[in-house]
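Q:
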Amino acid sequence: PCLIIGNTGSGKSEALNFLKNNFKDVLTINTVSMASLKQISYELNNYNGIIFVDDVGAINTQYMRITTVSTLVYLAYQHYLRRLDTNSNFEIKDFNGSLIINIQPAVFDEIVSDASFEANVMDKTYRYYNMRIADNKPFQHPKLKGLENIKDNFDKTQVKIDKQKVEALADAFLNFNSPARRYKMVYNFVKLTAILNNHKSATGEDYNFVSKLLLNNIIESELLQRQGVSNKFKFNTFLFNIMLMTKYYGNIFHVSKLAKYLNLSQKTIYRHAKTNNIKIDNGFIVYNDNRILRVLKHEL
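Under the numbering used here, the first residue of the sequence shown carries the number 9, and numbering increases by one thereafter.
Below you can see the structure in the form of structure tokens.
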């Protein structure tokens with residue numbers, strides 16, 4: 009399962025056009041609830057395609073948004089789901105599909121603040137932070153050779169992989185509690201990349217690509233903050249937008265740029281900056297976390 013976190017207009021939905029251009033079986037769900045999931049439960053038995061959820065934020069209550077994400081992630085990870093409560097009674101078996109969910113930062117903050125995130129989502133998803141500001145440049149949706157049959161090829165193809173390199177990548181990047189799941193995800197990324205590059209043994213090219221992909225998780229290490237000793241987290245949406253502006257305008261930019269982008273007053277920006285220990289000098293925001301600056305420079 010993959011969660012794509014990004015602001016409105018950042019191009020999250022363009023991933024759907026890319027998928028449709030490369031895969032035959034893509035099930036698009038604009039909004040999802042337990043009731044709608046029950047309606048399509050029969051269709052999801054023995055399903056091998058891709059489920060694409062375009063807007064979790066459109067679900068009308070915080071409880072349902074959290075429940076929906078947890079339930080779909082559970083289905084994609086466990087390949088099985090039985091829902092039995094006062095409102096729902098359905099079962100999905102042999103689900104072998106993929107799952108992509110688009111989430112806006114404010115909604116993601118709701119999800120991580122619930123105890124179910126660490127229990128049901130954190131170690132079972134890859135989270136990609138879409139650090140992009142909307143512009144008028146057209147998106148490219150290339151058709152990649154061999155991508156449509158990649159799932160079958162992934163299961164059938166043997167690739168020689170250096171386990172020590174995988175362990176090093178997993179330990180350096182992914183914010184997972186479980187070392188086994190951390191290793192498995194990075195191993196699968198390396199194997200998938202090697203197959204797409206027609207390599208029978210993973211090469212430096214494959215490891216370097218995965219390394220760049222995992223830079224996103226260094227961003228997460230700053231944005232996803234555990235609340236004390238609890239199993240609840242806080243997603244720092246303000247810092248996310250500071251990083252976003254830094255990527256586009258450099259690490260020194262005027263407060264007015266961020267205020268205009270977020271449709272907030274400059275007074276509000278100053279208040280949030282003080283709370284987050286972000287320096288403002290003569291009206292210019294100065295973001296000087298060198299570790300994150302290096303990531304933003306190279307992030308895919």
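All C-beta atoms, glycine included, are put in the ideal place defined by N, C-alpha and C.
Which whole-angstrom value describes the C-beta separation of Lys132 and Val174, a residue pair presumed to lie in contact below a C-beta threshold of 8 Å?
A: Not quite, the Cβ-Cβ distance comes to about 19 Å (not below 8 Å), so this is no contact.
Q: Which of helix, strand or coil does DSSP assign to Ile12?
A: Three-state result, Ile12: strand.
Q: Just how far apart, CA to CA, sit Asn259 and Glu228?
A: The straight-line gap from Cα to Cα measures roughly 18 Å.
Q: Mapping the DSSP letters down to three states, classify Thr211 as helix, strand or coil.
A: Of the three classes helix, strand and coil, the one that applies to Thr211 here is coil, per DSSP.
Q: Entirely within the region 157-198 and at least 3 residues each: give me those beta strand (DSSP E) ranges in chain order.
A: Within the region 157-198, no complete beta strand (DSSP E) run reaches 3 residues.
Q: Leaving out five residues before and five after Asp102 in sequence, what residues of the same chain have Cβ atoms less than 7 Å from its Cβ?
A: Closer than 7 Å at the Cβ level, and outside the excluded window around Asp102, lie Asn53, Asn54, His87.
Q: Verify whether the separation of the beta carbon atoms of Phe197 and Leu223 is less than 8 Å.
A: No; because the gap between Cβ atoms is not below 8 Å, this pair is not in contact.
Q: Hey, could you find the ends of the beta strand (DSSP E) Arg91 is sitting in?
A: Segment 89-92, the beta strand (DSSP E) holding Arg91.
Q: Any idea if Arg190 is buried or exposed, counting beta-carbon neighbours within 10 angstroms, 16 or more meaning buried?
A: By the neighbour-count rule (16 or more Cβ atoms within 10 Å), Arg190 is buried.
Q: Once DSSP output is grouped into helix, strand and coil, what is the label at Gln233?
A: The answer is strand: DSSP assigns Gln233 an E or B state.
Q: Rounded to whole angstroms, how far is the Cβ of Asp163 from the Cβ of Ala210, which I believe are closer than 8 Å?
A: Not a contact, Cβ separation roughly 17 Å.
Q: Around the Cβ of Glu51, are there at least 16 other Cβ atoms within 10 angstroms (buried) or fewer (exposed)?
A: The residue in question, Glu51, is exposed, as its Cβ has fewer than 16 Cβ neighbours within 10 Å.
Q: Does Lys101 come out as helix, strand or coil in the three-state DSSP assignment?
A: Coil, per DSSP.
Q: In whole angstroms, what separates the C-alpha of Val77 from that of Met139?
A: Rounded to the nearest angstrom, the two C-alpha atoms are 22 Å apart.
Q: Give me the Cα-Cα distance between Val263 and Lys145, rounded to the nearest whole angstrom.
A: Taking the straight line from one Cα to the other gives about 25 Å.
Q: Taking the alpha carbon of Tyr71 as the point to measure from, which residue in Arg90, Phe116, Glu99 has its own alpha carbon closest?
A: Out of Arg90, Phe116, Glu99, Phe116 has the C-alpha closest to the C-alpha of Tyr71.
Q: Pull up the distance between the alpha-carbon of Lys305 and that of Asn161, whole angstroms please.
A: Cα to Cα, the separation comes out at about 33 Å.
Q: Taking Cβ to Cβ, would you say Val64 is nearer than 8 Å to Ile109?
A: Contact: yes.
Q: Can you name the start and end residues of the alpha helix (DSSP H) that Ile119 belongs to?
A: Per DSSP, Ile119 belongs to the alpha helix (DSSP H) from 113-120.
Q: Just the Cα atoms here: how many angstroms apart are Ser96 and Lys46?
A: Between Ser96 and Lys46, the C-alpha separation is close to 7 Å.
Q: Could you give the DSSP three-state label for Ala288: helix, strand or coil?
A: As written in the sequence, residue 288 is Ile, which differs from the Ala given in the question. In this structure, Ile288 counts as strand in the three-state DSSP scheme.
Q: Pick out whichever of Asp179, Glu22, Arg73 has its Cα sitting closest to the Cα of Ala114.
A: The shortest C-alpha separation from Ala114 is found at Arg73.
Q: Would you say Ile141 and Tyr295 are within 8 Å of each other, going by their C-beta atoms?
A: Cβ atoms of Ile141 and Tyr295: not closer than 8 Å.
Q: Do Ile13 and Tyr137 come within 8 Å of each other at the CB atom, strictly closer than that value?
A: It is a contact, given that the beta carbons lie within the stated cut-off.
Q: CB-CB under 7 Å to Leu231, same chain, minus the five flanking residues each way: which ones, in chain order?
A: Answer for Leu231: Phe243, Asn244, Leu247, Phe248, listed in chain order.
Q: Could you tell me the distance, in whole angstroms, from the CA atom of Lys240 to the CA atom of Leu272?
A: In a straight line, the C-alpha of Lys240 is about 27 Å away from that of Leu272.
Q: Could you say which of Arg91, Gly57, Thr254 lies nearest to Glu99 if we only look at CA atoms?
A: The residue with the shortest Cα to Cα distance from Glu99 is Arg91.
Q: What is the DSSP secondary structure of Thr283, reduced to helix, strand or coil?
A: Helix at Thr283.
Q: With distances taken from CA atoms, which of Arg279, Glu118, Ser219 is nearest Ala176?
A: Measuring from the Cα of Ala176, the nearest candidate turns out to be Ser219.
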